[in-house]
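Q: Can you read through this structure? Questions will come right after.
Number of protein chains: 2
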Amino acid sequence: MSTRLSSYFLRTLREDPSDAEVASHRLLVRAGYIRRQAPGIFAWLPLGLRVKARIEAIIREEMAAAGAFEVHFPALLPKEPYEVTGRYEEYGPGMFRLSDRKDAGYVLAPTHEEVFTLLVKDLYSSYKDLPLTIFQIQDKYRDEARPRAGLLRGREFTMKDAYSFDSSDEGLDASYQAQRDAYERIFTRLGLEYVIVQADAGAMGGSKSEEFLHPTPVGEDTFVRSPGGYAANVEAFTTVAPEPRSFEHLTPAEVLDTPDTPTIQTLVDRANEAHPRPDGRAWTAADTLKNVVLALVHLDGRRELVVVGLPGDREVDMKRAEVAFAPAEVEPATEEDFAKHPGLVKGYIGPWSAAGPVLGEESSTGIRYLTDPRVVSGSGWITGANEHGRHVFGLVAGRDFTSDGTVEVAEVKAGDPAPDGSGPVELARGMEIGHVFQLGRKYADALGLKVLDENGKLVTVTMGSYGIGVTRILAIIAELNNDDKGLIWPKTVAPFDVHVIATGKEESIWTAAEDVVAQLEAAGLDVLFDDRPKVSPGVKFGDAELIGVPTIVIVGRGVADGVVELWDRATGERTSIPLDQVAAAIG
Amino acid sequence: MSTRLSSYFLRTLREDPSDAEVASHRLLVRAGYIRRQAPGIFAWLPLGLRVKARIEAIIREEMAAAGAFEVHFPALLPKEPYEVTGRYEEYGPGMFRLSDRKDAGYVLAPTHEEVFTLLVKDLYSSYKDLPLTIFQIQDKYRDEARPRAGLLRGREFTMKDAYSFDSSDEGLDASYQAQRDAYERIFTRLGLEYVIVQADAGAMGGSKSEEFLHPTPVGEDTFVRSPGGYAANVEAFTTVAPEPRSFEHLTPAEVLDTPDTPTIQTLVDRANEAHPRPDGRAWTAADTLKNVVLALVHLDGRRELVVVGLPGDREVDMKRAEVAFAPAEVEPATEEDFAKHPGLVKGYIGPWSAAGPVLGEESSTGIRYLTDPRVVSGSGWITGANEHGRHVFGLVAGRDFTSDGTVEVAEVKAGDPAPDGSGPVELARGMEIGHVFQLGRKYADALGLKVLDENGKLVTVTMGSYGIGVTRILAIIAELNNDDKGLIWPKTVAPFDVHVIATGKEESIWTAAEDVVAQLEAAGLDVLFDDRPKVSPGVKFGDAELIGVPTIVIVGRGVADGVVELWDRATGERTSIPLDQVAAAIG
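Chains as they are written, first to last, in the numbering used here: chain E, 1334 to 1920; chain P, 1334 to 1920.
What follows is the structure in structure tokens.
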């Protein structure tokens, strides 16, 4: 097959789109692959559709190899199943909602767990029908608060979502593994390096989940890994808590003046200067207990303040906080929040209880106090005294205060011990390219999906869900394969196999170019032929570099000597090849 | 390729779905092709997706042959372009509308004229860039008032919509013809008989349009055709009006008592009895002028009454009325409407003017009076006198009354003359399978799509739009190809090429069946293999008949004699074939 550029629907652009923050967005728009329709919503032009189709074909092959069957659901679905599982509420403003002319409620489905569950419930009734894995490749919509980076975080995207159904936990493990293996094959075929990390399963209500991350310094996700093989995204990381200690021989706490110490650093400096440590070592930020006020916005709109106590050498990681407090949204407390609670003395907040501060003015507030797992019984701290300019030294957890529970919101640091004992972790960044979940029985329970087991007894089905963002992966591949001239597609997903450029006015060149195109077509290659008669070689070369087909053939003056130039887009290398050996050289 | 039924995601159902009115709906659900999600919204199961993919492949091939390039737009689009062209209003409740978290308005696009226009405006600037035809195959949503007949009139459907762009009228003619030719090829390949009829272009704002109708007595569209080749759907049919006549020598009108004549038939009977025609011939319904009150519901919600005068032997055709009064919706007037206008004497309504009735009580009503094209100047009528029990005889148009305009709302009857003089028309019914429009410059004007012409002058682009309902066509093919046992797919779109059934317990039969499957696979055929071990031959045969793969191979007892049975699903014919010649017999 060949496509002639003179009549193709393609216009490359000289200017970067003004809203493009990342290379993939900039280049996919400039090279004529996609075109913006609204924030985070794009139209696919012919070149883009070609790449997308090739990625989809690879996914379909590997899904078939994994024994999964393809189905297709609409994006527009009735809201009721999402209400039954609670996700209608939980998704908050991230889900598009609408009503039909009869005021029945609908959603643009962000994922399809509910309706896949109902479909299987409709059609299946026995353990003999299982295992089953079904998938779709489908356009999804999510009302992201801040759509950005082009296709990397859009409001419309194409997703491959698969769902597995099993009658036993062992079955789920096997189905999960089959999809996980398929993902490994898919990313390998796509040339995408990946790390599989433990992930938080919270949002989907599952019991186990792993993310496939492509490691890259510009990734938006942070993950940790240990020398012993532990890997998790920071949201899923669990802190190794020290053993509780006896506090029998600890000295009593003492409230001391610490004027002008609203920050940890000023406090540590002041403490070392005015209240040196009895054992002579210097106080460090890790000796302080920082109490941070967070505001939780619950699904019903209720705003709740919580105080979180964590070692002073760590910040609150808002992504970890979001997971910890989901489905509530988390914000830093505002001046207004503080104004409503005069008991919270900013900069000098101490441990708290449901009844109010442990130290300082008594007040009944009902504000929950949660602590980092490191705040174990017997640990002593320098912390706020709930009085301006004063701190308490040697305040001991379990003796002087208790909390309403522990919470994982502290940032993870390089060197923190991996929870499985496999050594200190290092931090790295990556981009999510796939996500596999063991959902367990949450959806089947909520929607009543049961089958008869070997003994004729009804058992609830256990499920998995498995997602790959097709358009996101396309963008990531573009993000990883480009230079200052344009895109450089891997052969597996390139829109064409070869880009033939004819340059020059001589009839012989054009005849030769047609010959080359025919030769390549005969070899079964997909050819883009730049046959534009009045366009300069420079513009043609520039367009070829921008479009990024991996192999370019230049048919020009060399024709007089019976040769054409083979141009490797990735290396820039150009080689002379006899006219009649082009297909052999590329094939 | 082969697919084994024992593990395939397929369950056939014994019961018809309770809401299925038509065979395609009933059978596609029962045979496991589709599954209802909400009124008019379906999920596609593996078998259904296979047929859909084959239809789409044929469409894509013919679009490519017609020089059209594929793109893909999201279903969710910003409302602004639809506001600019007025369609946001005009679509009324038929379009799904929604808002994002920032309260920006969006639509689920029912068709994509606006954004295709803007895309070309974005990228193209010269007449040299044209002609251009681009298309997509995409899931669309329309909020149908009465979704019904399964996929035939759903609220979600897959559509191939193409749009052409030209700088001249001649160019548009050529682009239109190219799509029209492609449609003929597509329907021919799909085995769908079709008639091309003139259609009303009103809704799309176009200048010319044609529908491809599949002629069938159960079709929901009525069309007319003449011996001389005229064909139009009834909405587009234009009445041949008689020549105006002189009324110089006509006798004056006379109001006569016609008690108890609220209907045309009672009036004609009474007239022949009490007021015989001077020339001795009998009065017929065609001599009467029937005045019908219609209520127009305008887009802004305003309700307007109009009186429509038409020959008494014709009813108002509400579909023609809808086209005539679009974008207003048309309803019969209600008792409430009549109560508000006592001047409208039900059963005895006469001609009207903006100032009120021509005869009877004077009243200033502002109700428009529109007449059928046959009510020409000089034509005389028996019609209502706006008084209970009285009619006027010999009331002459142009002498005794005038109207505010003519309107095409009267039913078309067999024998009516075709407007092009090609003879009397006959009526037939059909199902719409495609629609081609010359949009002209409406969209380009509204959205500012201009290009530079040969002289460097900006000219507005002229456009066409071309639609095929992919899922609707699938349903029509199912509707045309079935019997009381199930579906009977044509080979071009069947989900599989061959359905192999193994029946019997002997090892030799199963070995032979595997051989046959391998043989067919090797011949490049797509095989569905019913390898279910514990299912009776009867159930297997029943499922095969329901699913409707055109060729069935039964591997059973004949294996002992070295033969299998070839079963033609359409004819029911069964033939014995030597085991080693199965592929040859089918291929």
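We treat Cβ as the ideally placed atom computed from N, Cα and C, and that holds for glycine.
Comparing the C-beta of P/E1489 with each C-beta of chain E, is any distance below 8 Å?
A: For the purposes of this step, residue 1489 of chain P is taken as the residue at position 156 of the second sequence. Taking Cβ atoms only, chain E reaches closer than 8 Å to P/E1489, which makes this a yes.
Q: Just list the beta strand (DSSP E) runs in the segment 1690–1722 of chain E, keeping only unbroken ones of 3 residues or longer that don't cross its boundaries, in chain order.
A: Runs found: 1701–1704, 1713–1720.
Q: Just curious, the beta strand (DSSP E) that P/V1567 is in, first and last residue?
A: Position 234 of the second sequence, counted from the first residue, corresponds to residue 1567 of chain P. First-last for P/V1567: undefined, no H or E at that position.
Q: Is P/V1551 close to the ligand ZN? I mean its beta-carbon at under 7 Å from any heavy atom of the ligand.
A: Ligands are entirely absent from the displayed structure, and the ligand ZN is therefore not among its contents.
Q: Please classify P/K1867 as buried or exposed, where buried requires at least 16 neighbouring CB atoms within 10 angstroms.
A: Sequence index remark: in the second sequence, residue 1867 of chain P carries index 534 (1-based). Flag for P/K1867 reads exposed.
Q: Given a cut-off of 8 Å, decide if E/R1434 and P/D1476 are closer than it, judged by their beta-carbon atoms.
A: Looking up residue 1476 of chain P in the second sequence gives position 143. Looking up residue 1434 of chain E in the first sequence gives position 101. Yes. Within cutoff.
Q: Judging by CA-CA distance, which residue of E/G1797, E/Q1531, E/R1890, E/G1889 is the nearest neighbour of E/P1464?
A: Position 131 of the first sequence, counted from the first residue, corresponds to residue 1464 of chain E. Minimum Cα distance to E/P1464 is reached at E/G1797.
Q: Which residues of chain E have a Cβ atom closer than 9 Å to the Cβ of P/V1448, listed in chain order?
A: The residue you call residue 1448 of chain P lines up with position 115 of the second sequence. The answer, in chain order, is Q1370, A1376.
Q: Comparing alpha-carbon positions, which option in P/A1437, P/P1426, P/S1432, P/R1420 lies nearest P/T1444?
A: Here residue 1444 of chain P is taken as the residue at index 111 of the second sequence, counted from 1. When only C-alpha atoms are compared, the closest one is P/R1420.
Q: Please compile the residues from chain E whose C-beta is within a distance smaller than 7 Å of the C-beta of P/D1455.
A: Working through the second sequence from its first residue, we reach residue 1455 of chain P at position 122. What P/D1455 touches in chain E: R1368.
Q: Three-state secondary structure (DSSP) at P/S1459?
A: For the purposes of this step, residue 1459 of chain P is taken as residue 126 along the second sequence, with counting starting at 1. Three-state result, P/S1459: strand.
Q: Have a look at the DSSP bridge pairing and note the partners of E/G1763.
A: Counted from its first residue, the first sequence places residue 1763 of chain E at position 430. Per DSSP, E/P1548, E/D1554.
Q: Could you tell me how far apart the beta carbons of E/I1887 and E/E1898 are, in whole angstroms, since I believe they sit closer than 8 Å?
A: The sequence position of residue 1887 of chain E within the first sequence is 554, counting from 1. The sequence position of residue 1898 of chain E within the first sequence is 565, counting from 1. Contact flag correct, Cβ pair sits at about 4 Å.
Q: In the segment 1338–1366 of chain P, which residues sit with their C-beta less than 9 Å from some C-beta in chain E, listed in chain order?
A: Correct list: S1340, Y1341, F1342, L1343, R1344, L1346, G1365.
Q: For P/G1756, which residues of its own chain have a beta-carbon under 6 Å away from its beta-carbon, when the five flanking residues on both sides are left out?
A: Here residue 1756 of chain P corresponds to residue number 423 of the second sequence, with the count starting at 1. Contacts found: S1559, P1560, G1561.
Q: Measure the Cβ-Cβ separation of E/M1396 and E/F1468 and say whether it is below 8 Å.
A: Translated into positions along the first sequence, residue 1396 of chain E becomes position 63. Translated into positions along the first sequence, residue 1468 of chain E becomes position 135. Yes. Within cutoff.
Q: According to DSSP, what are the bridge partners of P/K1541?
A: What you label residue 1541 of chain P is simply residue 208 of the second sequence in a count that begins at 1. P/Q1771, per the DSSP bridge assignment.
Q: Taking all protein chains shown into account, do 16 or more other C-beta atoms lie within 10 angstroms of the C-beta of P/A1743, making it buried, or fewer, making it exposed?
A: Counting from 1 along the second sequence, the entry for residue 1743 of chain P is found at position 410. Burial call: buried.
Q: With DSSP collapsed to three states, give me the class of E/M1796.
A: Position 463 of the first sequence holds residue 1796 of chain E. Strand.
Q: Let me see if you follow: with CB-CB separation under 8 Å, is E/I1467 close to chain P or not?
A: Numbered from its first residue, the first sequence carries residue 1467 of chain E at position 134. E/I1467 counts as touching chain P.
Q: Once DSSP output is grouped into helix, strand and coil, what is the label at P/T1521?
A: On the second sequence, residue 1521 of chain P is found 188 positions in, with the first residue counted as 1. The answer is helix: DSSP assigns P/T1521 an H, G or I state.
Q: Looking only at its chain, what residues have a beta carbon closer than 6 Å to the beta carbon of E/S1339, apart from the 5 residues adjacent to it on each side?
A: Here residue 1339 of chain E is taken as the residue at index 6 of the first sequence, counted from 1. Closer than 6 Å at Cβ, skipping near neighbours: D1864, R1865.
Q: Closer than 7 Å by beta-carbon distance: list the chain E residues that pair up with P/L1452, in chain order.
A: As a working mapping, residue 1452 of chain P is identified with position 119 in the second sequence. Residues of chain E passing the Cβ test: R1368, A1376.
Q: Interface residues of chain E around P/L1441 at Cβ under 9 Å?
A: On the second sequence, residue 1441 of chain P is found 108 positions in, with the first residue counted as 1. A1408, L1409, L1431, L1441, listed in chain order.
Q: Counting only beta-carbon separations shorter than 8 Å, does E/P1706 have a partner in chain P?
A: Here residue 1706 of chain E is taken as the residue at index 373 of the first sequence, counted from 1. No, E/P1706 lies away from the interface with chain P (no Cβ there is under 8 Å from its Cβ).
Q: Unbroken beta strand (DSSP E) runs of length 3 or more, entirely within the segment 1773–1842 of chain E: which are they?
A: You should have 1783–1785, 1791–1793, 1795–1802, 1831–1835.
Q: Looking at P/V1362 and P/P1350, is the spacing between their C-beta atoms short of 8 Å?
A: Looking up residue 1350 of chain P in the second sequence gives position 17. Looking up residue 1362 of chain P in the second sequence gives position 29. Yes; because the gap between Cβ atoms is below 8 Å, this pair is in contact.
Q: Can a CB atom of chain P be found closer than 8 Å to the CB of E/L1632?
A: Within the first sequence, residue 1632 of chain E is the residue found at index 299, counting from 1. Taking Cβ atoms only, chain P never reaches closer than 8 Å to E/L1632, which makes this a no.
Q: May I ask which residues mark the beginning and end of the alpha helix (DSSP H) holding E/G1748?
A: Taking the first residue of the first sequence as position 1, residue 1748 of chain E is located at position 415. Careful: E/G1748 lies outside any alpha helix (DSSP H) and carries neither H nor E.
Q: How long is the line joining the alpha carbons of E/L1858 and E/L1456, rounded to whole angstroms?
A: In the first sequence, residue 1858 of chain E corresponds to position 525, counting from 1. In the first sequence, residue 1456 of chain E corresponds to position 123, counting from 1. The alpha-carbon atoms of E/L1858 and E/L1456 are separated by roughly 43 Å.
Q: Can you tell me which residues form a DSSP beta bridge with P/R1732?
A: Indexing the second sequence from 1 puts residue 1732 of chain P at position 399. Answer by DSSP bridge pairing: none, since P/R1732 is not bridged.
Q: E/L1900 bridges to which residues according to DSSP?
A: Counting from one through the first sequence, the residue named residue 1900 of chain E turns up at place 567. Note that residue 1900 of chain E is Trp in the sequence shown here, rather than Leu. DSSP, once it has assigned bridges, lists E/I1885, E/R1907 as partnering E/W1900.
Q: Please look up how many angstroms separate the CB atoms of E/V1528 and E/F1556, rounded, as I've assumed it's under 8 Å.
A: Here residue 1528 of chain E corresponds to residue number 195 of the first sequence, with the count starting at 1. Here residue 1556 of chain E corresponds to residue number 223 of the first sequence, with the count starting at 1. Yes, they are in contact, since the Cβ atoms of E/V1528 and E/F1556 sit about 7 Å apart, within 8 Å.
Q: Sort P/E1587, P/E1446, P/Q1510, P/P1828 by Cα distance to P/I1880 and report the nearest one.
A: For the purposes of this step, residue 1880 of chain P is identified with residue 547 of the second sequence, where counting begins at 1. It is P/P1828.
Q: Would P/A1586 pass as a contact of P/D1705 if the rule is Cβ separation under 8 Å?
A: For the purposes of this step, residue 1586 of chain P is identified with residue 253 of the second sequence, where counting begins at 1. For the purposes of this step, residue 1705 of chain P is identified with residue 372 of the second sequence, where counting begins at 1. The answer is no: Cβ separation not under 8 Å.
Q: So is P/Y1474 in contact with chain E if we call contact Cβ pairs under 8 Å?
A: Indexing the second sequence from 1 puts residue 1474 of chain P at position 141. Interface residue, yes.
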